[in-house]
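**Q**
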Amino acid sequence: MDWLFKPWEWYISGPLIAFTLFLLLIIGKRFGMSSNLRTLCSIGGAGKTVSFFNFDWKLQRWNLIVALGVLIGGSIASNFLTETSIVNLNPDVVSDLRNLGFESAGKDYMPSELFSNTVFGSLKGVLILIVGGFLVGFGARYAGGCTSGHAISGLSNLQLPSLIAVVGFFIGGLVMVHLLFPLIF
Amino acid sequence: MRSILYLLIGVFFGIVLFKSEAASWFRIYEMFQFKSFHMYGIIGSAVGFGIMITQLIKKSKVKSVFGEEIIIQPKEYSIKRYLLGGILFGLGWALAGTCPGPMYALIGAGYFPIVLVLASATFGTYIYGVIKDKLPH
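Chains as they are written, first to last, in our numbering: chain A, 1 to 185; chain B, 186 to 322.
Take a look at the structure:
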């Protein structure tokens, strides 16, 4: 049982993500997390003024319940299934990140510089979270899906649009990390 | 009853996201630096098995456990929206280090500032809805 409490290797995790896709397909649902954000807008009343959000959100209730489950799953995993949450990064990455000012690299699961409550004392940190989140939400809907909907679900369905979207994800990610990170951090 | 099923599938997925470290900001950075096989292994093997599962379901015309037909609607073909939307998503994915699934797992794990990322992602979705007719698709 020791393995359960250690970080799960890719060859365990990848097939288990595919199994999640299987479970959703076999109960007649699609695998895609970003559509929940559209549902949240609709619940908030955005459908009154913007037609894109004017749909019966109750049909998407199932996916919000999945999202709630993911939240509970994250809590179970971090509180009961994890001995140490240190991510074992490539040492080159640790020294790169320390040079960028991320002292927590190699010591934690998430950079405490951005994801501990001290971030609220830093205007730059808060702006990074806001801009990053905005791009994720805007981009996912513009592209019609995110990592789960396009990279996993869509590629599994051998859809060309999903391949184009995934190429886009990587162009964006590479530009951010290689060109913009040195300017931001 | 079905709600419990949805919840359990979500719990399972949340545990996998956290334990695989796919929810870690550091792992996303490392992936875009090409310094580890970990994330490529996860996505690659998920897609490999996913292709088998999806094609088998389509070919066998198997019904869902509730007896409904399983229909996978293909996405409408275009390049602009997928490429442009994808690039914007990728910029955010690398900066916030999280995508719309792991966000919930991280909130559950107690990383409170992710609530701000989720709120902002919801706002981003809203703005897309407002200006979508003016964007190339």
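Just so you know, even glycine gets a beta-carbon here, dropped at the ideal spot from N, CA and C.
From a predicted model like this one, the values you see are computed outputs, not experimental measurements.
In whole angstroms, what is the alpha-carbon distance linking A143(A) and F31(A)?
**A** The count along the first sequence starts at 1 and reaches residue 143(A) at position 143. The count along the first sequence starts at 1 and reaches residue 31(A) at position 31. Roughly 16 Å between the two C-alpha positions.
**Q** For P7(A), count neighbouring C-beta atoms within 10 Å of its own C-beta (all shown protein chains included) and say buried if the count is 16 or more, exposed if not.
**A** Start at 1 with the first residue of the first sequence, and residue 7(A) comes out as number 7. Its Cβ being crowded by 16 or more others within 10 Å, P7(A) is buried.
**Q** Which residues in chain A sit within 7 Å of K220(B), going by Cβ to Cβ distance?
**A** Here residue 220(B) refers to the residue found at position 35 of the second sequence. Within 7 Å Cβ-Cβ: N90, D92 and V93.
**Q** Leaving out five residues on either side along the sequence, give the residues of the same chain with a beta carbon under 8 Å from the beta carbon of E83(A).
**A** Numbered from 1 along the first sequence, position 83 holds the residue referred to as residue 83(A). Cβ within range, chain order: F5 and K6.
**Q** To the nearest angstrom, how far is it from the Cα of V201(B) to the Cα of N79(A)?
**A** What you label residue 201(B) is simply residue 16 of the second sequence in a count that begins at 1. What you label residue 79(A) is simply residue 79 of the first sequence in a count that begins at 1. Looking at the two C-alpha atoms, the distance is approximately 14 Å.
**Q** Should I17(A) go down as buried or exposed, given a rule of 16 or more other Cβ atoms within 10 Å for buried?
**A** Here the question's residue 17(A) lines up with position 17 in the first sequence. Label assigned to I17(A): buried.
**Q** Does DSSP put K248(B) in a helix, in a strand, or in coil?
**A** Taking the second sequence and counting its residues from 1, one reaches residue 248(B) at position 63. K248(B) falls in the strand class under three-state DSSP.
**Q** V136(A) lies in the alpha helix (DSSP H); which residues open and close that run?
**A** Your numbering for residue 136(A) matches position 136 in the first sequence. Counting along the chain, the alpha helix (DSSP H) containing V136(A) begins and ends at L123 to A143.
**Q** Check distances from the C-beta atoms of the stretch 10 to 21 of chain A to those of chain B and list, in chain order, the residues that come in under 9 Å.
**A** If the cut-off is 9 Å between Cβ atoms, the stretch 10 to 21 of chain A has W10, Y11, I12, S13, G14, P15, L16, I17, A18, F19, T20 and L21 near chain B.
**Q** Three-state secondary structure (DSSP) at E254(B)?
**A** Within the second sequence, numbered from 1, the residue matching residue 254(B) stands at position 69. The answer is strand: DSSP assigns E254(B) an E or B state.
**Q** Restricting to Cα atoms, I'd like to know which of Q218(B), G271(B), I312(B) and S263(B) is closest to T49(A).
**A** As a position in the first sequence, residue 49(A) is number 49, starting the count at 1. The candidate whose alpha carbon is nearest that of T49(A) is I312(B).
**Q** Just the Cα atoms here: how many angstroms apart are G333(B) and V166(A)?
**A** Missing from the structure shown is residue 333(B); chain B here goes from 186 to 322 and no further.
**Q** Determine the closest residue to V131(A) out of S305(B), L320(B) and K319(B), with distance taken between C-alpha atoms.
**A** Indexing the first sequence from 1 puts residue 131(A) at position 131. Comparing Cα-Cα distances from V131(A) to each of S305(B), L320(B) and K319(B), the minimum goes to S305(B).
**Q** I want to verify the contact list: residues of chain C whose CB lies under 7 Å from the CB of L23(A), in sequence order.
**A** Considering every chain present, this structure includes no chain C. Its protein chains are A and B.
**Q** Is there at least one Cβ from chain A nearer than 7 Å to S245(B)'s Cβ?
**A** Within the second sequence, residue 245(B) is the residue found at index 60, counting from 1. Taking Cβ atoms only, chain A never reaches closer than 7 Å to S245(B), which makes this a no.
**Q** For chain A, is any of its Cβ atoms less than 7 Å away from the one on G252(B)?
**A** Counting from one through the second sequence, the residue named residue 252(B) turns up at place 67. By this cut-off, G252(B) is not an interface position.
**Q** Taking only runs of the alpha helix (DSSP H) that begin and end inside the stretch 36 to 83 of chain A, which ones reach a length of at least 4 residues, in chain order?
**A** Counting whole runs of 4 or more residues, the stretch 36 to 83 of chain A contains the alpha helix (DSSP H) stretches 61 to 80.
**Q** To the nearest angstrom, report how far apart I264(B) and L163(A) are at their CA atoms.
**A** For the purposes of this step, residue 264(B) is taken as residue 79 along the second sequence, with counting starting at 1. For the purposes of this step, residue 163(A) is taken as residue 163 along the first sequence, with counting starting at 1. C-alpha separation (whole angstroms): 10 Å.
**Q** In whole angstroms, what separates the C-alpha of M288(B) from that of D96(A)?
**A** Counted from its first residue, the second sequence places residue 288(B) at position 103. Counted from its first residue, the first sequence places residue 96(A) at position 96. Roughly 25 Å between the two C-alpha positions.
**Q** Along the alpha helix (DSSP H) that carries R266(B), what are the first and last residues, could you check?
**A** Position 81 of the second sequence, counted from the start, is the residue given in the question as residue 266(B). Note, R266(B): alpha helix (DSSP H), K265 to A281.
**Q** Considering only residues of the same chain and omitting the five flanking positions on each side of H322(B), which have a CB-CB separation below 7 Å?
**A** As a working mapping, residue 322(B) is identified with position 137 in the second sequence. Around H322(B): S263, K265 and R266.
**Q** Measure the C-alpha to C-alpha separation of I213(B) and L180(A) and round it to an integer number of angstroms.
**A** As a position in the second sequence, residue 213(B) is number 28, starting the count at 1. As a position in the first sequence, residue 180(A) is number 180, starting the count at 1. So the two alpha carbons sit approximately 15 Å from each other.
**Q** Determine whether the Cβ of V5(A) lies closer than 7 Å to any Cβ atom of chain B.
**A** Counting from one through the first sequence, the residue named residue 5(A) turns up at place 5. The sequence shown places Phe at residue 5(A), not Val. False, the Cβ-Cβ gap to chain B never drops below 7 Å.
**Q** Considering only their Cβ atoms, is the gap separating F53(A) from G314(B) smaller than 7 Å?
**A** On the second sequence, residue 314(B) is found 129 positions in, with the first residue counted as 1. On the first sequence, residue 53(A) is found 53 positions in, with the first residue counted as 1. Yes, they are a contact pair.
**Q** On the CB-based measure, 16 or more other CB atoms within 10 Å of its CB, does E113(A) come out buried or exposed?
**A** Stepping through the first sequence from its first residue, residue 113(A) is reached at position 113. That one is buried.
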